[in-house]
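Notes follow once the structure below has been shown.
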Amino acid sequence: MAAADQPGKAPARSKRADALRNQQALLTAAAEVFVASGVDAPVREIAARAGVGMGTIYRHFPTRADLVVAVYRHQVEACAEAGPRLLAEAPSPFEALRGWVDLFVDFLVTKHGLAEALRSDGGFEALHAYFLERLVPVCAELLGAAAGAGEIRPGTGAYELMRGIGNLCAGRGDDPDYDPRRLVGLLLRGLRRSPEA
């Protein structure tokens, strides 16, 4: 009997796909709540944003630390996967870089709260290494494409740019009136080979 003819095979795959989609939606909702309310936000707020019951969250993530780590990894993967997609879809390599930096800023605003929550568990160093391993090559590819197209001056390193953006984003958590995006925009314009029109 073929696998497709066996009872339960397709629904099981579909169920796993649905569960994965639900988990991704939950992580996206948790990240949004963390940005708005901090990593100590009530689980019911995350459940409401995700459209799931609190039991669903606890089934996937028994502790808050489990949820925080999962959100961190989810956001790193989203940033890593966005780079090649933006390069393929954006009208220019610089626009792809700008779009990716915008996503990176969103991540960093959340990451500062996540980092504080993770430091007490001692797992932050491993996650930070994972963050660098996944995102520095993506940023380097975007910078290389923009420099190769003559849109930015060559010579800016990916880690250097990411660290600079991170420093501009660092004060956001302490001051709701501070929006790092304006300064990050100035930083990106400073990379341009010629002034923008």
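Using the numbering used here, read the sequence shown as starting at 464 and increasing by one per residue. Ideal Cβ positions, reconstructed from N, Cα and C, are used throughout, including at glycine.
Considered as a whole, the region 540-582 harbours 556-582 as its complete alpha helix (DSSP H) runs of no fewer than 4 residues, in chain order. When secondary structure is reduced to three states using DSSP, Arg655 falls in the strand class. By the Cβ criterion, the region 536-545 is not in contact with the region 509-520, since fewer than three pairs of Cβ atoms, one from each stretch, lie closer than 8 Å. Between the beta-carbon of Pro643 and that of Cys632 there is about 5 Å, and that keeps the pair under the 8 Å contact cut. In terms of Cα proximity to Gln486, the closest of Ala504, Phe524, Ser500, Val498 is Phe524. For the options Arg479, Glu623, Leu595, the alpha carbon positioned closest to that of Val539 is the one of Leu595. Linking Ser500 to Asp565 through their CA atoms gives a straight-line distance of about 20 Å.
For Gly611, the enclosing alpha helix (DSSP H) stretches over residues 587-611. Nearest neighbour of Leu624 by Cα position, chosen from Gly648, Tyr641, Val496, Arg527, turns out to be Gly648. When C-alpha distances from Phe497 are compared across Ile628, Leu646, Val531, the shortest belongs to Val531.
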